[in-house]
Structures are given as structure tokens and as C-alpha cells.
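>
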Amino acid sequence: MCMRCQKMDCIALLLTLAIVCADGTAQQHKVPRIRLSFQELVATQSSEHLHPMHGSSDYHILLMDEDKDRIYIGAKDYVYSLDMNNISRTPLKVHWPVGPLREEECKLAGKNPQDECGNFVRVVQSFNRTHLYICGTGAFQPICTFITHSSLAQNVELKIPVEKADSGRGKCSYSPKLESISFMANEELYSAVYTDFMATDAAIFKTMGRLPPIRSDQYNSKWLNEPVFLAIQRIPESSDRNDDKLYFFFREKSANGGTGKTSVSRIGRICLNDAGGQRSLVNKWSTFVKARLVCSVTDNTGIETHFDELQDVFILNTEDMRQPIIYGLFSTAGSVFKGSAICIYSMAEARQVFNGPFAQVEGPGYQQLPYQGKIPYPRPGTCPGGTFTPYMKSTKDFPEEVANFIRNHPLMYNPIYPIAKKTLIMRVNTDYKITKISVDRVVAGDGTYDVLFLGTDIGTVQKITVLPKHDGLSEELFLEEVDAFKVPTPILSMKISSKKQQLFISSAKGITQLALHHCGIYGKACAECCLARDPYCAWDGQQCSRYYPTNKRRRRRQDIRHGNPLTECKGFNVRSYREAVESRQFGVEGSSVFLECMPRSAQVSVKWIVQRHDTKRKKEVIYNSNIMQTERGLLFRVLHVNDSGTYYCLTVEYNFKHTVAKYSLRVMDIAMASVFTGEEPQKPWHPSHPSSFAHGAQLPYKDFSQLHDHPGILAGISACQPQRQPEAGSDVQADERRLKEHEERTKRRDRSQRRVVVKKS
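Read in order, the letters of the sequence shown correspond to residues 1 to 761 in UniProt numbering.
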């Protein structure tokens, strides 16, 4: 068993090394420039929070209506309508529980009373201008109903009678643990759900129209093989509306004949005007095709490591609605090696694959080969009445051989590779997993950038932008990371509103509204704002604030590509920013001293420079077991007299140097300290000579090396340091005068002793 564990650990190590060698972005442990705790986020006044209400839980963001400024949340037994401008304002709510009989039947079926035997709302769609259509799990008996916008607006709480609900089969999954994705078009509901109690029948459905319901081929693993549905999106293909298609993003079990749960990521599509076939595919999709999405990294030897499990998808619309950019969030499938990656895909590449060869699965090893037989006309997957089949008005006009081909060959042979066949962002061996992604396209002063917001399973949101380079690689700018919730909890859903410049985040514990930018956190100097390289932010001459593109001649200071304050911040006191106010620090020989240095950015390199009081020469501090550099400053475990000097905490970021802190440290010997205490001088203690103190004697200092990893303790220590220069006539200045007098007496005594020695010789 131990040999097996060692082998698995070795494999994980080799995979990690392969990825590190293949992609430079994985070589460094990624840290955000700014890190905000939940309390610090609240203090910025750039967020709103809505905590659990009415005993409900499991909040999912299901619909965002930017025209009405409303966002709709599905939860256990409730639907909430929140104000997008401020979610903490009085929410409108729909109370929609199941009846006691249905709840009892669910419990008798062996389901969890708290987590499963409720009405978990999973579908909220705008049916028309006046009505919403909502569906819930109904305690493992899905139900749906209509509600009007007016009734919801007129009631702070609207209750729906149990008997008013319709069957939700084919519209919502039975279990709240299974994803239900939906899309409403022309008052017809498209859904990808599990349609039975045992979760064995996964299907893509169309319901509510004038025609009978249409679904995917039942129990056909060539179509769907234990899928996990993730996203659904309508994407036009040409100026002809008959060519419009609905794309589904999911992952499913690989049909490789093995017994394992190997996953593959898929993108499938159907025509919006698909009315089903005539014989073999009656009331079933006759245009369904699918392809594999590949997100992988290749090392220098050609070995490819795949991120097989698609976790989330974001479709970023461009000026051409036919050419959106697809952002896919992936993770590794195994337990040996853990990692997340983001890949981006073009619709042109996807369409090229769907127009390419179909796959033919052959042999006992389920080997996939390109189909070599005759392709029927019209080409399977083509929409009726569109650009290529203008004379066919319905899929029912397709020949039977087209339906038979689709039924047995829905998979394309070629996979869809990401742009440049490279991962955009990668995280390996982290203590968290990225689960959600949203993207905003931002126009900055020197170009247009995509800013990514990544949600994790520990409740944090990462803000990242990626800069393209000339060599085909990219540079990741990890701008910030915030705790979206007070208690770490997995993020369940995220929706972004570019119009409102807000990000909405949900979890089982509540909902958070987060501004896409809070420029003030980067600092109060032009250099700090420029170094942040946040596309949302620029220096306006007085502060770091939101950047707005304008044709006016007045220039905002911003440099996303290079982040060079020397060129952008001329005339804004760059030199004074580099300096720091000197703080005086006193210590006694043998005691400990901590010099705090907390750079605003976590991405800087920090080094300490010392200038002794008797020289103008500066040199870098040499660290040892006695002088230690920590994340929060410089620690002297045991002070020596020759440690006196001026200490500079210097940071370097993008070749720009900044003095964060400056300390004038004076170390008094034991005799000098006795001038102030009036006590008899004692021999200074040193850790290498513990016998210098009698048995049981108390050490004259506290060893801070045991405390420097505890921020709370160090915060208290830093609070004890002098915060301002002493006033004239104060006790501190009196002590300084006595100190100088003692130093002069000591120097005179030393000179006298040297003269005596010379005369004797």
C-alpha cells in the first residue's frame, strides 16, 4: 500500500513539474497585489451583502433583468427579487413551499429533510413582458408556475398556493444536487435536466410551445452519457434567423469502454427551429451534434496534460453577435493531481469543427476514427430554411437517412482547441478550487482588456487581467482577491452586469454585490495607482479613480501594459513618494525589537538596507538566526549595540523602488540603560550563553520569533510603536539629552584610557 502511495505521489510530482516546465505562469505561486478580508471589503463601501433570510438557504442567481434593474434569486422555498442598485434594500419575495404531504413522501423515500425535501427553485425565466415562469424541485416532484411582475411588485411577500403549480418534469431536475439549465425563446422553454427520480434519464427538452415536447434520444449514451449540464446560450450564425442555434455546455462520462468515471468536456448544439423527425426521431431532436472541448498543457517532451472537467462557461459578446468569445473553466479529473485552468475559444474554430468530419467509434477499445462513409444531404446538423437549405421549411422534411445518421453519429471527430492551443490561466496545487467565472471587457487608455472574476470553493473572488505578448505567450496580472462572505463557503453562482459595473455572487449562506472596481484601495499616490495596472483605474491628478474614455485633451495617468510611474506620474511627487517619514526606535542590549514593514502590494520584492550612524555608506542587511526578515517586517531577536543605525524597508516593483518605512534604531548598552532605570547594570544575556543568568531567572527579553507569524499579536506590537514625533519639552526629549550626555562621558573616558595606555608604553 505504501509503495502504491509513493508511486501516486511521484506521478503527481512529475505532472506538476511537466506543467511548470510547459508554462511559465505556473512557475510562481500566484499572489494578488491586494488582498481584502471580508471586514476590509465592507470598509471600502463598495459592496452590499444579504444574509440568510426566513430560514432559506442555497441561493442561486437565475435571472438578471437590467432593463427593470432586478435580479432574481432561487432558494429553498423562496424566489427573491432584488434591486440591482442595492441588493440590501427590502427584497421582494415569493414564498413557494411544498405541501406537508409531499414533504413527508420525500422523507419516506429516504431523502434528506433539510437538503432535499424542499422546493429548491432552479428556473426563473421571463416568459413575456408581464409574466415570469418559475420551476422548483418540489421535494423530488418538480413543479412550475407563472407569476406576474405586477403581483410581485405589489407584495413584499407573495405566497403561491400548492395547488396552483403545474408539472415540472422535463423543465427542472428532481434533485437540487443536479444542475438544471434553461433558456426561454419565443415563449418556449429549452431545458437540460434529469427527468426521473433515480437520475438515470438525462435529456435536453423543449416544452411549452404549440407543438408537442421535443427531447434528446432517450437512453442513448452516444448523445448524453451521465452529463453534468453547465450553461446554455443562443448564438446566431448568419443574418438569417433560421440559422440560429442553441449551444449547450456540459461534461459527461467518456465512452471509452472503461469502468472508470473519466470525464470529457462537450459543446453541443441544436437548431432553434428543430421540430423533430418523422420516423426514428419523432418528437426528438434531428439536428443535435456535439464536439469535445480540449484544455490542456504540453511540456517540452510533447506530453499533454488535460484539464478534463468543465466547471463553468462564460460567453463574452463582441460587436459581432455571431462571433462571441467562449471562456471555459476546467479542472483536473483525478485525485492525484489537482489543478484549474482557463481556456478561451473562438466561434469560428467551433463552427469549423462542426463542419468537419464526424466520428466513428469502432472496436472493443472504442477507438474513434473519422467517418469514411457517405454523408447524407442535407448535412446532419444543418438548420431547415437557413442559408444551406432554403427550400426545406422543417426538419420533418429531412430524409430518414439524415435522422438515422444523427442518431448514431452525433459526435464530431476533431476536438475544439483553445486559441493558440494554450491555457490562458492555470492554478496547480492550491488549497482552493476555482468554480465560477465572469468576464468584463474594459476600454483603457492604452487598449482594450478582458478582466476576469473567478469564484472559488472557499468564498473568495479573484480579479485578473491577462496581457498578450508578442511571442504568443501572455502575462497574468493578479490584481486583487477578496473574501466575498464573512465565513468561507463555496460560491454557487456569479452574474456580472457591465451596465451597472457590479458583480453578483451567491452561496448557500447569502448573496454579495461587489463593485467591479474600488480604485481607492491601491493607494493615495499616482505611482501606486499606476503600478496597480488595473484597467478600471487611473490617476486623475488628485486620487486613483474610475477611468472613463474621453476625447477631452485632459490626460488621465494610466499604463496597463508597462505600469511605469516614472513616465506616467511626472509632476506628481514621485520622488517624495519614494521617501518615507523616519520613525525613531529605541532598544536595550539583549532585548528584542521588531521593525514593521507592510507594503500595500503583496507582489513587491522587499529588502532591508542599513546605514550605520557613524557612516554615510548604506548596505543590505545580512539575515541570520538573530536578524530575521518576516512577512511583516524585520525582527531582531537579541539586540547588540552595533545594531544601531538607520534601517530602510525598500520595495521593488516593475523596477520602481519605493521606501515603505524608515527607522532610526538606537541600541543602549546595559550601563546606558541604567541611567534611566537607576538599577545596577547587569551582563547582557545571549542565547549562546544561557549560564549568564542564574537558574530560574527571568529572561530580559521576549523572543518575538515565535510571534511574527501571528498578525493579531503583531498588530498590537505595532500599535505600541511611536506614531508621531515627540513634542518639545517632553519626557522623551529629556531622556535623549541624558542619553547624549552619557555617550559624551563614555567617549571622554575611552579617550582618557587610550592616552594612559600610550604613556605606559
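Where a beta carbon is used, it is the ideal one built from N, C-alpha and C, also for glycine.
Using the three-state DSSP reduction, which class does G455 fall into: helix, strand or coil?
Strand.
> When the Cα of D83 is compared with those of K290, V604, D65 and K284, which residue comes out closest?
Among K290, V604, D65 and K284, the Cα nearest to that of D83 is on D65.
> Starting from E401, trace the alpha helix (DSSP H) both ways and give me its first and last residue.
Taken as a continuous stretch (DSSP letters only), the alpha helix (DSSP H) holding E401 covers E400 to N408.
> Quick check on the burial criterion: 16 or more other C-beta atoms within 10 angstroms. Buried or exposed for R407?
Classification for R407: buried.
> Can you round the beta-carbon distance between I181 and I134 to whole angstroms, since I take them to be within the 8 Å contact cut?
The Cβ separation is near 15 Å, so there is no contact.
> Under 8 Å, with one C-beta from each stretch per pair, do the stretch 561-570 and the stretch 640-652 reach the 3-pair mark?
Output reads no: the stretch 640-652 does not touch the stretch 561-570.
> Going straight from the alpha carbon of F388 to that of P380, what length do you get?
Taking the straight line from one Cα to the other gives about 12 Å.
> Looking at the strands, I want to know which residues DSSP matches up with V264.
E252, per the DSSP bridge assignment.
> Compare the Cα-Cα distances from K463 to each of V487, F183, D483 and H470 and report the closest residue.
Minimum Cα distance to K463 is reached at D483.
> Under 7 Å between the Cβ atoms of G523 and R600?
A contact, by the Cβ cut-off of 7 Å.
> Count the other CB atoms within 10 Å of the CB of F636; is the residue buried (16 or more) or exposed (fewer)?
That one is buried.
> Could you give the distance in angstroms between the alpha-carbon of G157 and the alpha-carbon of Q603?
In the sequence under discussion, the amino acid at residue 157 is Glu, which differs from the Gly named in the question. Using only the alpha carbons, I get a separation of about 48 Å.
> Could you check what DSSP says for I61 in three-state terms: helix, strand or coil?
DSSP places I61 in strand when its eight states are reduced to three.
> By alpha-carbon positions, which one of P410, E401, Q323 and R351 ends up nearest to V361?
Nearest of P410, E401, Q323 and R351 to V361, Cα basis: P410.
> From this set, M184, P364 and C597, which residue's C-alpha is nearest L132's C-alpha?
Measuring from the Cα of L132, the nearest candidate turns out to be M184.
> Residue ranges of each beta strand (DSSP E) run of no fewer than 3 residues wholly in the stretch 205-254, ordered along the chain?
Within the stretch 205-254, the complete beta strand (DSSP E) runs of at least 3 residues are 228-235 and 245-253.
> For V123, which of L639, V193 and S57 has the nearest alpha-carbon?
Of L639, V193 and S57, the residue nearest in Cα terms is V193.
> Quick one: what's got a C-beta closer than 8 Å to Y371's C-beta in the same chain, skipping five residues either side?
P357, F358, A359, Q360, H409 and Y413, listed in sequence order.
> What are the boundary residues of the alpha helix (DSSP H) that C526 is part of?
First-last of the alpha helix (DSSP H) with C526: C526 to A532.
> Taking 7 Å as the threshold (C-beta atoms), are C343 and G328 in contact?
Yes; because the gap between Cβ atoms is below 7 Å, this pair is in contact.
> From which residue to which residue does the beta strand (DSSP E) around K436 run?
K436 -> beta strand (DSSP E) spans I434 to A444.
> Going along the chain, which residues of its own chain have a beta-carbon closer than 7 Å to the beta-carbon of K469, five neighbours each way excluded?
Here the set comprises E475.
> Alpha carbon to alpha carbon, what distance is there between T512 and D243?
When rounded, the distance between both Cα atoms is 39 Å.
> Would G587 and V667 qualify as a contact pair, given that the criterion is a beta-carbon distance under 7 Å?
Yes, these two residues count as a Cβ contact at 7 Å.
> Assign H613 to one of two classes, buried (16 or more other C-beta atoms within 10 Å of its C-beta) or exposed (fewer than that).
Classification of H613: exposed, given that the 10 Å Cβ count is below 16.
> Relative to the C-alpha of Y366, which candidate in K393, K396, K222 and E48 has its C-alpha closest?
Per the Cα distances, K222.
> Using CA coordinates, which residue listed in I61, M392, G386 and Y663 is at the minimum distance from P236?
Checked all of I61, M392, G386 and Y663; the closest Cα to P236 is G386.
> Are the beta-carbon atoms belonging to F307 and A341 less than 7 Å from one another?
Result yes, Cβ atoms of F307 and A341 sit closer than 7 Å.
> Give the straight-line distance between the Cα atoms of K619 and D299, rounded to the nearest whole angstrom.
If I take the Cα positions, the gap works out to 42 Å.
> Do V621 and V606 have their beta-carbon atoms positioned less than 7 Å apart in this structure?
Result no, Cβ atoms of V606 and V621 do not sit closer than 7 Å.
> Take the Cβ of D440 as the centre, count every other Cβ of all protein chains shown within 10 Å, and call the residue buried at 16 or more, exposed below.
Label assigned to D440: buried.
> Taking just the CA atoms, how far does T148 sit from T130?
Distance between the alpha carbons of T130 and T148: 6 Å.
> How would you call L152, buried or exposed, if buried means at least 16 neighbouring beta carbons within 10 angstroms?
The residue is buried, with at least 16 neighbouring Cβ atoms inside 10 Å.
> Assuming the contact rule is C-beta atoms closer than 8 Å, R230 and F250 should be a hit. Round their C-beta distance to whole Å, please.
First, the amino acid is wrong: residue 230 is Leu here, not Arg. The Cβ separation is near 6 Å, so the contact holds.
> For a quick check, are the C-beta atoms of T195 and G170 less than 7 Å apart?
The answer is yes: Cβ separation under 7 Å.
> Three-state secondary structure (DSSP) at I713?
Only weak support exists for where I713 lies, its pLDDT of 42 falling under 50; the coordinates are left without a value.
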